[in-house]
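Right, one structure below, let's go through it.
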Amino acid sequence: MLELKDVSHVYPNGTRALDHVTLSIPRGMFGLLGPNGAGKSTLMRTVATLQTPTEGTVRFGDIDVIADPERLRRTLGYLPQDFGVYPRVSAYDMLDHMAVLKGIASSGERRTTVERLLVQTNLWSVRKRALAGFSGGMRQRFGIAQALIGNPELIIVDEPTAGLDPEERNRFLNLLAEIGEHVVVILSTHIVDDVSDLCPLMAVLAAGRIQLEGAPLALIEKTRGRIWMKVIDRSELEAAREKYEVISTRLFAGRTVIHVLADKDPGEGFAAVEGGLADVYFSTLAQSRRAA
Amino acid sequence: MFARIAGFELRYQMKNPIFWVAVIIFFLLAFGLTAAPVFPLGGGNVHRNAPVSLMRLQVAFNLFYMFITTAFVANVVVRDDETGFGAMVRSTPITRFQYLVGRFAGAALAAALAWLVIPIAMWFASLMPWLDPDTLGPNGIGGYAYGFFVFGLPDILVTAAIFFVAATLTRSMMWTYVCVLAFAVAWYTLVSIGTQRPEYGDWFGIFEPFGATALGRTVRYWTPAEFNNLLPPLKGVLLINRLLWLAIGAACLALAVNRYRFAEAGAKPDKAEQQDEPALESDASAPLPEARPGSAAWAQFRSRTAVEMKQVFRSPAFLVLMALGALNSGLGLWFGRDLFGTPTLPLAHVVIPVLRGSFFLFPVIISIYYAGELVWRERDRRMHEIVDATPLPDWAYVVPKTAAVSLVLISTLVFSMVIAFGINLGKEWPHFELGKYLLWYLLPVGVEMVMYAILAVFVQSLSPNKYVGWGVMVLFMVATIVLPLLGFSHNLYLPLQTPNEPLSDMNGAGIYWIGAWWFRLYWIAFCIILLVVSHLLWRRGTETRLMPRLRRLPHRLNGSPGVIAGLALLLFVGTGTWIFYNTNILNHYRTIWDREQFQADYEKKYLKYVGLPQPTVSKVVLNVALYPNRIDALIHGSYVLTNLTQAAIPEVHVRTDPDLASSQIVFPGARLKSQDDRFGYRIYTLDRPMQPGETRAMAFTTERKQVGFRNSGNDTRLVTNGTFLNNFEIAPLIGMDRNGLLTDRARRRRYGLPPELRPAKLEDLSATAHNYIHAGWTTSDITVSTVADQIPIAPGRQVSETVANGRRTARFVSNVPILDFFSIQSARYAERHRRYKGIDLTIYYHPPHDFNVDRMLNALQYGLDYYQKNFGPYQFDQVRILEFPDYAGFAQSFANTIPYSEAIGFIADTRDPDKIDAVTYVTAHELGHQWWAHQIIGADMQGSTMLSETLAQYSALMVMKHLYGEDQMRRFLKDELDTYLRARATEGVEEQPLERVENQQYIHYNKGSLVMYLLQQRLGEDAVNRALRTILDKYKFKGAPYPRSIELVDAFRKEAKTPEQQQLITDLFERITIYDLKAIEPTAMLRPDGNWDVTVPVDTRKYYASGKGAETEAPLRDEIEVGLFTAMPGRGKFDRRNVIRIVRMPVHSGRQSFHFVTGVKPTYAGIDPYNFYIDRNSSDNVAPVK
């Protein structure tokens, strides 16, 4: 459905945010995983017609997004990474206004849309409250509600779970899962679990380039038998980094747990671990850093 | 610690771009205004760089500078919250005092440092070689230092403290700036009321925050000499004002420190109650309605506009602005325009200009401010990514935002009308004239408002952020004010400007609306183009740079934007061409430079002929055909010229108004020697010189008309209803005079003219050959025709009136000699006649304006009685007063005919009997001119107008004195005194003693009133009138030699009986005399016999001033009133019953005491309690008794 070909973007200050990104995204949830500053938001905004890439093409179905952004916008739902709200406006009124902007002219249809979305996003009981007073989760749910107006074919959600508490995050992901069945949903995030929980397909973006692409399970399968774990003291970490390809470290009960990537057992007390998507992700990042 | 924090803050702020922006802007402004000769700094004989001139400009800058100061100090408070750095800073062991005051000191110091560019720029500008050295004085460091320490620094500290506390309390840059705006408007309101109510000047001086009013009060009566040499004394109102505001500033700072909390403010609890209604029954599985963006345009437009408008209407800043606007215009309307304290009825044509003046500023601020807010709103609220990703078409940003701003502006206009109607009700004048408000206010101003909104939106959509956009708009506003002053005055290139449309009840909007609406159409087309460009360049998405948007522009022009822009461009070019054809081809477009150049060239070429002996017009026959509906007048006429001089006249100089559509002159027996069409100057050589006493005939045909419309200066004399022309405007003049030439010294020098154009000296007897209006005594036969529904009037007795072919023709003949200076009038008049002692009194008035007609008739009747009894018989058998439209605010006396403006008198509100009766006063003054100008007229030399204007003032004062008693007179005299003292400071040439007055209004009117009133107090009214009669009898209707002012002074001297009176005449007429009379702490002691011993110590002095204002003390020896009262004279209900005793006592220079024994204890006592003498401090004459 959504085809990106050789998309590059260079900001006026010289930052190359996207570097020949080529992606093909079918219907369903697509996870775009990457660390902060990888170019995820640039990519999302480019697809959402908010900025024109320096080069490359973006097509959605038969729509040339760059030449004809107006057509894509008719079928686009977009939840930006960060958004504010007008002061002194209630959730209901704002959603109603957004419905007009999306092109629902009849007030009856608009009422149906707004009411149903408020129920669906579990905001019905607070619909008369000013948006400015919403909690982070409520605000994100409002964000997805507005993105769903008018049955878009393409939904872009940029880092929607950042800053949400686990319960809110769950609620939000469930909501996404519901809608992700029939349309293209691109979910960008730096949280591995978001992708592993939701997305049948994913890509890893780092330093403006697609580092990895595929189905999470298949990717995990590729690392099977190559991830090793050891618990060490913090003082040993530098030495370990010298010696092995450490893909992640975390603290556990005061000691450091390291994962390393190796084709065979490095010995020295390393134990094989069943790799998760996190290991795939971190090993990809580690490789991209080395390449850079 | 404190010093280090302040130092850090200073260095930090100096790196702030605002610091350098302020330095650049204020350097340029201060340099530009000081170095541009056209900017009226100083003025008259006051140097451009006189200390007070510079201080005034500096203080004016301080109003604008507070926006900069606020940026510095508010930043201190707000930046830590905005950057989120606050928590870290505040968790250090720093104290609140160190943190806040240290930073405040640093920021205020930065503001003060940047401010210093203002005096530096001024000093630098004063060195510029193009400035006329005569307008500059020495550059003393004292003036600059005084300006900095008395005004610059305190103003910065005070405004810094006030807005520091605003920022501390609101923790928001926006709200702080709303406070700044509110402060500015409150200041503006205070100052405007202050100028309308000078009697409370000291209070305004104390409370006006920048010290501008206090400075003005301190130097209010200063002379040019004082301005050029002195620094204002730091005492009295000025000192109190400075200390008061420094104290207020300190209090604000203390409040800020006290109220500042290091802890974050907790989130406010949500006010909306939790809804516990059941969840909506909704079939969540059913598909949502589909979006059809293509057909939602109208709904999108409406919804967007509604949302945008709500944002404005609900924003507190809007309410603040509206409240301030209402206050400002409400006060402006309530006090309205008045004439010697008589208010004017709040008619639509009076109220609308006031509303346009006082309210207009607020909609403009709103359009500029909210255009920025709305254009940047999505971005500021971080909503832009969501909204920009919707299928909303691009026009649905620009158009609704513009529409919202426009609708808000129009609703503010409606609101201002409601205020005006409310004020009308408050004035018990329940007439609303809705149609006029609609056509003259709501519609034109509404259109202008929409255009401002479009322009502001356009600027915002181009600028990189809203602050730049605001800055550009402010510059634009300043430019529209400054450019016309610099001679760039064509409304074709001054964006959104339209020609002035004077309003009048008599003539409605005249023809003036036609040109104005063509200009409006032109600017509407311009705005449509701007709107399309804003649409095409709209920032959508995250790209904010202009260049990429500009590159896309040509491509985006395809389709309807291109068509609309093309049509608008067509309209713009089409209307522009039509306007240019009207203003520059059918009519002449002249800048102020063109006009000055014209005057200068005229003088260089022809002033040399001014004393040339010329024949006098001794009979005039005139036939004036007025076509008021097409602004056309055809004039045929003939003169009989008589040589009244003692010599033969070989050449006759004939002048016509060069703006006449045509002028032909037939002069038998003469040959045209030269004809100069630029100046309308013809010189004829007579075939045979005219011998003394010989007469010749001359015939002429002229036409005055206006075709099309002008950029400015549409004809307001020849109009559809209410024409008022004088013969100088339509008929030839014989000989050259000095009228209409450049008089300002600096301007004259700029054009290489001698610095002064002065009338002949009083001693120059050759100047008695002409009178000062250069019109001799003549007989007249004037026929005026006009459309049938109008009444034509000219001086003389009406001998016939006929109506034929839709035209009314009337013939007026005067065999009594009249001056060859007369009026032609025509309007749809109502008439009211009264026959009084054989004289027909008539008022011709606009039918709805009958409010004061009887009062005018009474004034004429009373005046005739007094003048005939005391001066001599009235020369005609009728007096006519004729209303003319509100395009000028004067009354003018021609022979038995007095054109009288709609603006004064006819619509005066005389319902309150306690107010001064200005209608009677003006009427009596004009009637007085039938003697003083139309029986005798002064020679064309110094002192000429003393014989007409001063004596007409005196005549009116006597009428008022006898009608209303002396108590009312004191209010008049005080007003005259204040006007005289203030006006002499702005004298551009040289102040003259009254007998040498050079047509200076403040001398012949205001000082003249004071002089004549004191004179009749001292000599007696009968003695003064006797003297007047002698001069009248000698010169009545006589030609050259015309009378000189000193002949009247001599007549007064003959009536004077004592050396004191002779001295007084010297001081009043021959010198510029300033008295300083003051009471010093009078006391009263109870005597054993129950009476009171009263002591009144006084300090009395007399000074002679030079023409430039330098004073030297002279010995005072006079008898002046000393009074004891039980109330303050002139205040409240003071009247005769409050007078215990008032006696004239011999007074000499210096201190002395007077002793009285009274039965009642006086509460007030003093010298010259009624302000008969010219005294620069008239309020210390009387003091409370201790």
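From first to last, the protein sequence lines stand for chains A and B. Each residue of the first sequence is one higher than the one before, counting from 1 in our numbering. Each residue of the second sequence is one higher than the one before, counting from 1 in our numbering. Glycine included, C-beta positions come from ideal geometry on N, C-alpha and C.
Neighbourhood of residue i by C-beta, 6 Å cutoff - its chain only, sequence neighbours within 5 removed
i         : result
B/Leu33   : Phe39
B/Arg834  : Leu841 and Leu857
B/Ala760  : Ala767 and Met941
B/Thr1163 : Thr1126 and Val1185
B/Tyr370  : Val312 and Val405
Cα-Cα separation between residue i and residue j, rounded to whole angstroms
i         : j        : result
B/Met960  : B/Leu864 : 13 Å
B/Arg970  : B/Arg984 : 21 Å
A/Glu181  : A/Pro26  : 11 Å
B/Asp1050 : B/Thr498 : 55 Å
B/Gly325  : B/Phe359 : 6 Å
B/Tyr609  : B/Ile818 : 25 Å
B/Tyr1005 : B/His925 : 11 Å
A/Asp93   : A/Ile227 : 52 Å
B/Lys436  : B/Lys915 : 29 Å
A/Ile155  : B/Leu455 : 38 Å
Cutoff 7 Å; reference residue i; Cβ partners in own chain excluding five residues on either side
i        : result
B/Val180 : Met66, Phe67, Thr70 and Phe163
B/Tyr862 : Val959 and Leu963
B/Ile240 : Ile206
Where residue i falls: helix, strand or coil (DSSP)
i         : result
B/Val623  : Val is not the amino acid found at residue 623 of chain B; the sequence shown has Asn there. Of the three classes helix, strand and coil, the one that applies to B/Asn623 here is strand, per DSSP.
A/Arg250  : strand
B/Asn858  : helix
B/Ile1167 : strand
B/Trp222  : coil
B/Gly1150 : strand
B/Val457  : helix
B/Arg717  : coil
B/Thr802  : strand
Closer than 8 Å to chain B by CB, residue i
i        : result
A/Arg59  : no
A/Lys40  : no
A/Arg74  : yes
A/Ile149 : yes
A/Leu32  : no
A/Phe142 : no
A/Tyr11  : no
Residue-chain proximity (residue i, chain A), Cβ-Cβ < 8 Å
i        : result
B/Ala296 : yes
B/Ser460 : Contrary to the premise, residue 460 of chain B reads as Gln rather than Ser in this sequence. No, because no Cβ of chain A sits closer than 8 Å to the Cβ of B/Gln460.
B/Ser303 : yes
B/Met417 : no
B/Gln599 : no
B/Ala404 : no
B/Glu373 : no
B/Gly562 : no
Contacts around residue i, its chain only, beta-carbon distance under 8 Å, and the 5 residues preceding and following it disregarded
i        : result
B/Gly988 : Gly43, Gly44, Asn45, Thr743, Asp744 and Arg745
B/Asn151 : A quick correction: the sequence has Phe, not Asn, at residue 151 of chain B. Excluding sequence neighbours, B/Phe151 sits near Met55, Gln58, Val59, Asn62, Phe210, Gly211 and Leu215.
Whether or not the stretch 548 to 566 of chain B and the stretch 596 to 604 of chain B are in contact is what I'm after, with contact meaning three or more pairs of Cβ atoms, one per stretch, closer than 8 Å; do they touch?
no
Quick one: any contact between the stretch 507 to 521 of chain B and the stretch 569 to 587 of chain B, if contact means 3 or more CB pairs under 8 Å?
yes
Should the stretch 1061 to 1070 of chain B be regarded as contacting the stretch 1005 to 1015 of chain B, the criterion being three or more beta carbon pairs within less than 8 Å?
yes
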